[in-house]
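Residue numbers are given in the numbering used here: position 50 of the sequence shown equals residue 470, and the series is strictly consecutive. Let me begin by presenting the structure, written as structure tokens, before commenting on it.
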Amino acid sequence: MARKSRKKKQESILFAHQQPKSAIAEAFRTLRTNISFSTYSGAKKAILVTSPSPDDGKSTVCANLGVVMAQAQSRVLLVDCDLRKPTIHKFFELDNRLGLTNLLAQNRPLDDVVYATRVDGLYVIPSGPIPPNPSELLGTAQMGDLIKGLRGAYDVVLMDAPPVIAVTDAVLLAPQADSVLLVLKAGTTRIEVAQEARNALQNSGAKSIGVVLNVIKANGGGYYNYYYSYYGDRNDQNQTLTT
Ligand SMILES: Nc1ncnc2c1ncn2[C@@H]1O[C@H](COP(=O)(O)OP(=O)(O)OP(=O)(O)O)[C@@H](O)[C@H]1O
Ligand SMILES: [Mg+2]
Numbered sequence: 421m422a423r424k425s426r427k428k429k430q431e432s433i434l435f436a437h438q439q440p441k442s443a444i445a446e447a448f449r450t451l452r453t454n455i456s457f458s459t460y461s462g463a464k465k466a467i468l469v470t471s472p473s474p475d476d477g478k479s480t481v482c483a484n485l486g487v488v489m490a491q492a493q494s495r496v497l498l499v500d501c502d503l504r505k506p507t508i509h510k511f512f513e514l515d516n517r518l519g520l521t522n523l524l525a526q527n528r529p530l531d532d533v534v535y536a537t538r539v540d541g542l543y544v545i546p547s548g549p550i551p552p553n554p555s556e557l558l559g560t561a562q563m564g565d566l567i568k569g570l571r572g573a574y575d576v577v578l579m580d581a582p583p584v585i586a587v588t589d590a591v592l593l594a595p596q597a598d599s600v601l602l603v604l605k606a607g608t609t610r611i612e613v614a615q616e617a618r619n620a621l622q623n624s625g626a627k628s629i630g631v632v633l634n635v636i637k638a639n640g641g642g643y644y645n646y647y648y649s650y651y652g653d654r655n656d657q658n659q660t661l662t663t
């Protein structure tokens, strides 16, 4: 049984939940559709969301993708695997005293750390207290086993990760997921940095499910939008399907 959130304040970055008719919510639904077109089913189970650098919008994409997937009647678990700068609990106004680090370091029961959210079908495991050794915790066989177990209990497991270039955490996590979604920030992420991140992920054995180009300014409008380029289930394919 999932825990209930104790706090009642409204989320602010959950566009897909709060503004379901907005262009940005529609863009997330398109992202969901494009992911569902992925031809090998395993890719859709445990998806790691990361990006080359800090502040590219990983957590925002991860959380909103979780919302639209849950809205499509999937049972979705969002795991905050950013043990350095966790934010998922803030988006959903959840307590962060118990979370992933308690599972990994203290063997707490799963029920203690899974929170229901106000989005039906969407559950969250927050990071828990920030540990001194994030990489060591995330790189353990225990973490791999945990993700395997969660895959069986949910339709989709979304893992929010730290940036690829700065620390090794995302590269350690990537092979434990079925696929990786790479977020790039429009007008900011340099091509060499994107390539470096992609290469680091590929070398770790990660399977890429595609790229999200984040913070696209809509023509003439004041809002931001998202685009998703799907370039195949295999890292060596290069077809592009842009929304
Ligand atoms: N498409 C968007 N439109 C407007 N603001 C955005 C968008 N995406 C992200 N932001 C804002 O950019 C900031 C960084 O977003 P977010 O926390 O999701 O990035 P991150 O990549 O997870 O950062 P970190 O590297 O610290 O984990 C936040 O203030 C968020 O609200
Ligand atoms: Mg983040």
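Glycine residues also receive a C-beta, built at the ideal position from the N, C-alpha and C atoms. None of the values given here were measured: they were computed from a predicted structure.
request  = Could you tell me the distance, in whole angstroms, from the CA atom of L468 to the CA atom of R449?
outcome  = In the sequence shown, the residue the question calls residue 468 occupies position 48. In the sequence shown, the residue the question calls residue 449 occupies position 29. In a straight line, the C-alpha of L468 is about 18 Å away from that of R449.
ask   = Start and end of the alpha helix (DSSP H) containing S432?
value = As a position in the sequence shown, residue 432 is number 12, starting the count at 1. Taken as a continuous stretch (DSSP letters only), S432 belongs to no alpha helix (DSSP H), as it is neither H nor E.
For V487, the first and last residue of its enclosing alpha helix (DSSP H) = For the purposes of this step, residue 487 is taken as residue 67 along the sequence shown, with counting starting at 1. Per DSSP, V487 belongs to the alpha helix (DSSP H) from K478 to Q491.
task = Just the C-alpha distance for V543 and Q526, rounded to the nearest angstrom, thanks.
result = Within the sequence shown, the letter at position 123 stands for residue 543. Within the sequence shown, the letter at position 106 stands for residue 526. Inspection of the sequence shows that residue 543 is occupied by Tyr rather than by Val. So the two alpha carbons sit approximately 21 Å from each other.
query = With a Cβ-Cβ cutoff of 8 Å, do A490 and V539 count as a contact?
reply = As a working mapping, residue 490 is identified with position 70 in the sequence shown. As a working mapping, residue 539 is identified with position 119 in the sequence shown. Result yes, Cβ atoms of A490 and V539 sit closer than 8 Å.
query = Could you check where the alpha helix (DSSP H) with T450 kicks off and where it finishes?
reply = One-based indexing of the sequence shown puts residue 450 at position 30. Start and end: A443 to S456.
ask   = For ligand 2, which residues count as neighbours when the test is a C-beta closer than 7 Å to any heavy atom?
value = K478, S479, D502, K505, T507 and D580
task = Put K568 into one of helix, strand or coil per three-state DSSP.
result = As a position in the sequence shown, residue 568 is number 148, starting the count at 1. Note: K568 maps to helix in three-state DSSP.
ask   = Is any heavy atom of ligand 1 found at a distance shorter than 7 Å from the C-beta of V635?
value = Within the sequence shown, the letter at position 215 stands for residue 635. Yes; taking the cut-off as 7 Å, the Cβ of V635 has a heavy atom of ligand 1 nearer than that.
query = CB of S471 to nearest heavy atom of ligand 1: below 7 Å?
reply = Position 51 of the sequence shown, counting from 1, holds the residue named residue 471. Yes, Cβ of S471 sits closer than 7 Å to a heavy atom of ligand 1.
D598 versus K441, L434 and K465, residue with shortest Cα-Cα distance = To locate residue 598, count along the sequence shown from 1; it is residue 178. Of the listed residues, the one whose Cα sits closest to D598 is K465.
request  = Excluding the 5 residues preceding and the 5 following M562 in the sequence, name in chain order all residues of the same chain whose CB lies nearer than 7 Å to its CB.
outcome  = By one-based count along the sequence shown, residue 562 stands at place 142. What sits at residue 562 in the sequence shown is Gln, not Met. The answer, listed in chain order, is L524.
query = Is D475 near ligand 1, with its Cβ less than 7 Å from a heavy atom?
reply = Residue numbering aside, residue 475 sits at position 55 when the sequence shown is read from its first letter. Yes, Cβ of D475 sits closer than 7 Å to a heavy atom of ligand 1.
message = Measuring straight from C-alpha to C-alpha, what distance separates A436 and E446?
response = As a position in the sequence shown, residue 436 is number 16, starting the count at 1. As a position in the sequence shown, residue 446 is number 26, starting the count at 1. Taking the straight line joining both Cα atoms gives about 8 Å.
inquiry  = Quick check: is any heavy atom of ligand 1 less than 7 Å from the C-beta of P529?
reply    = Start at 1 with the first residue of the sequence shown, and residue 529 comes out as number 109. P529 Cβ: outside cutoff for every heavy atom of ligand 1.
inquiry  = Taking the beta strand (DSSP E) that T521 belongs to, which residues open and close that run?
reply    = The sequence position of residue 521 within the sequence shown is 101, counting from 1. Careful: T521 lies outside any beta strand (DSSP E), inside the alpha helix (DSSP H) at L520 to Q526.
query = Using DSSP with H/G/I as helix, E/B as strand and the rest coil, what is I550?
reply = Start at 1 with the first residue of the sequence shown, and residue 550 comes out as number 130. I550: coil per DSSP, three-state reduction.
message = Measuring only from the beta carbon, is P554 closer than 7 Å to any heavy atom that is part of ligand 1?
response = Here residue 554 corresponds to residue number 134 of the sequence shown, with the count starting at 1. Checking the Cβ of P554 against ligand 1 gives no.
query = For G569, is the classification buried or exposed, using 16 other Cβ atoms within 10 angstroms of its Cβ as the cut-off for buried?
reply = Residue mapping note: residue 569 aligns to position 149 of the sequence shown, counting from 1. Burial call: exposed.
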